[in-house]
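A.B. asks: Just so you know, the sequence shown maps onto residues -20 to -1, 1 to 308 in mature numbering (1 follows the signal peptide of the UniProt record, and there is no 0). For glycine and all other residues, C-beta sits at the position ideal for the given N, C-alpha and C. Provided herewith is a single structure, encoded as structure tokens, for subsequent inquiry.
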Amino acid sequence: MKQIKFLSALIILFSAFTFTSCDNEAIDPALNPDDFGGGGVPTGGAFTAKVDGVDFNANELIEADYTNTAFGTQLNIIGATSSGKIMHMQILNPTVGTRTATDNIETLLTFSYFASVNDQYSSINISNGSYNGTITITEFNLSTNKVSGTFSFIGYGTTSSTAQVEVTTGVFNNITFQNDVTTTPPPGIVGSYLLTAFNTSVPTDLNGDGTNSTNQLNETTCFNDSFLTINANNTFSTDAKGIEIIFGTGGGVDEVGCFEDPEITGTWSLNGNQISFTYTDEGEIYTDVFTVTGNTLTFTLEDGDIVGNAGGSPVYLTSDITLIYTKQ
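Rendered as structure tokens:
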């Protein structure tokens, strides 16, 4: 479960969703060098690593592209040496921060290394389906289309996992990527939004006026002026307001209080009427998907936790939640 700071957290904890992909998973452990070249932007950045202690320097070609997929945005970085060795990274919903290799479709991360036609490696261990590797993105700038970071992984043979290589001290620095996500921002989606409804399936009476309400904006001022700003360069920012129970100590009385954490920033992508917001909070990477209807954005969560009351004392309750943001 995760704390909902993004987009006004009356809910204290979020259910953690794990998605696995099957027929439509865009992963192929085997690299095909003929697939590379012409798909991204050749760049003057640096792409280096050590493979079993031997230097890898993509001095022949570096290409990178940033595109939309059915599961959000995807960043591919490919580097080739003058001797024909190739290294490839696939990152779904990239954002600044650290993540480990995984098949979780929201935060998919894979690495590949091509030494020769008969000597290929992937961060996917075909013998048990596990993933290995870590990436830290230190720069992901959608204004300059530049990305930088570090990485390492264990590569398993694509025909036999007993064959392995260790890739260490990986660096990609100031690489320019072809941005097919931001070339044509969808008309009307960019702008400032205000939280206009925080609906719950369980009514509460947080203000103690004797009238229960399912719209928590009628019960507390903790979310007043909660905003979401969507920028044309596919970045966003939002405040992180919420309500919490302040537990009394030493026999003290439990109370309800407001909190406001630092603003959250990240990237967004639009597929049809679904807009995905990807961001990092306390070292964890999240992607939240909203439905676009006219000038409103709607997010729905089943079985979230909200603040309510029972017997005159504040408690956490399980409830379905619907957030509605309206463009200003």
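Would you say Thr53 and Thr61 are within 8 Å of each other, going by their C-beta atoms?
C.D. replies: No; because the gap between Cβ atoms is not below 8 Å, this pair is not in contact.
A.B. asks: Measure the beta-carbon distance from residue 389 to Ser172 and round it to whole angstroms, keeping in mind my assumption that it falls under 8 Å.
C.D. replies: Outside the displayed span of the chain (-20 to 308) sits residue 389, for which this structure offers no information.
A.B. asks: Mind checking Ser96: buried by the 16 CB within 10 Å criterion, or exposed?
C.D. replies: Exposed, since its Cβ has fewer than 16 Cβ neighbours within 10 Å.
A.B. asks: Which stretch, first to last residue, makes up the beta strand (DSSP E) that contains Gln100?
C.D. replies: Its beta strand (DSSP E) spans residues Asp99 to Ser102.
A.B. asks: Helix, strand or coil for Asn37 per DSSP?
C.D. replies: Asn37 falls in the strand class under three-state DSSP.
A.B. asks: Following a CB-centred definition, is Thr273 positioned closer than 7 Å to any heavy atom of the ligand SAM?
C.D. replies: With respect to the ligand SAM, the structure offers nothing, as it holds no ligand at all.
A.B. asks: Would you mind reading off the limits of the beta strand (DSSP E) that contains Glu282?
C.D. replies: Thr276 to Ala290 is the extent of the beta strand (DSSP E) around Glu282.
A.B. asks: Check this for me: beta carbons of Ile115 and Thr75, under 8 Å apart or not?
C.D. replies: Going by C-beta atoms, Ile115 is not nearer than 8 Å to Thr75.
A.B. asks: Quick check: what's the CA-CA separation for residue 335 versus Thr80?
C.D. replies: Residue numbering for the chain in the displayed model covers -20 to 308; residue 335 lies beyond these limits and cannot be assessed.
A.B. asks: What is the C-beta distance between Thr176 and Leu186, in whole angstroms, given that I count them as a contact (C-beta under 8 Å)?
C.D. replies: That belief does not hold up - the Cβ atoms of Thr176 and Leu186 are roughly 18 Å apart, past 8 Å.
A.B. asks: Is the beta carbon of Ala44 closer than 8 Å to that of Val127?
C.D. replies: Closer than 8 Å, so yes.
A.B. asks: What is the residue span of the beta strand (DSSP E) that Lys65 lies within?
C.D. replies: From DSSP, Lys65 is part of no beta strand (DSSP E); its letter is neither H nor E.
A.B. asks: Evaluate the contact criterion for the stretch 143 to 163 versus the stretch 278 to 286: three or more CB pairs, one atom per stretch, below 8 Å.
C.D. replies: With a cut-off of 8 Å, the stretch 278 to 286 and the stretch 143 to 163 do not count as touching, because too few Cβ pairs lie within range.
A.B. asks: Taking 8 Å as the CB-CB cut-off, is Ile226 touching chain C?
C.D. replies: Looking at the structure shown, chain C is missing, and only one protein chain is on hand.
A.B. asks: Ser206 to Leu174, Cα distance in whole Å?
C.D. replies: Taking the straight line joining both Cα atoms gives about 6 Å.
A.B. asks: Is there contact between the stretch 129 to 144 and the stretch 257 to 277, where contact requires at least three CB pairs shorter than 8 Å?
C.D. replies: No, the stretch 129 to 144 does not touch the stretch 257 to 277.
A.B. asks: Smallest Cα separation from residue 341: which of Gly59, Val34, Phe51 and Val151?
C.D. replies: Residue 341 lies beyond the range of the chain shown here (-20 to 308); nothing can be said about it.
A.B. asks: Taking only the alpha-carbon atoms, compute the straight-line gap between Phe94 and Lys65 and give it to the nearest angstrom.
C.D. replies: Whole-angstrom Cα-Cα distance: 6 Å.
A.B. asks: Using DSSP with H/G/I as helix, E/B as strand and the rest coil, what is Asn125?
C.D. replies: Coil at Asn125, not helix or strand.
A.B. asks: If you drop the 5 nearest sequence neighbours on each side, which residues of the same chain put their C-beta closer than 7 Å to that of Thr298?
C.D. replies: Excluding sequence neighbours, Thr298 sits near Asp283 and Asp285.
A.B. asks: Following the continuous beta strand (DSSP E) through Leu197, name the residue where it begins and the one where it ends.
C.D. replies: Here Leu197 belongs to no beta strand (DSSP E), and DSSP marks it neither H nor E.
A.B. asks: Beta-carbon separation of Asn214 and Leu122 under 8 Å?
C.D. replies: In contact: Asn214 and Leu122 (Cβ atoms closer than 8 Å).
A.B. asks: Suppose you measure from the CA of Gly289 to the CA of Thr306; what does that come to, to the nearest Å?
C.D. replies: According to the sequence provided, residue 289 is Asn. The question's Gly does not apply to it. If I take the Cα positions, the gap works out to 29 Å.
A.B. asks: Thinking C-alpha only, which one of Asp99, Met67, Asn105 and Gln100 is nearest residue 325?
C.D. replies: Residue coverage of the chain in this structure runs from -20 to 308, which leaves residue 325 outside it and unanswerable.
A.B. asks: Output the distance between the C-alpha atoms of residue 334 and Ser92, rounded to the nearest integer angstrom.
C.D. replies: Here the chain covers residues -20 to 308 and nothing more, so residue 334 does not appear.
A.B. asks: With distances taken from CA atoms, which of Pro242, Gly291 and Val151 is nearest Ala26?
C.D. replies: Checking every option, the nearest Cα to that of Ala26 belongs to Val151.
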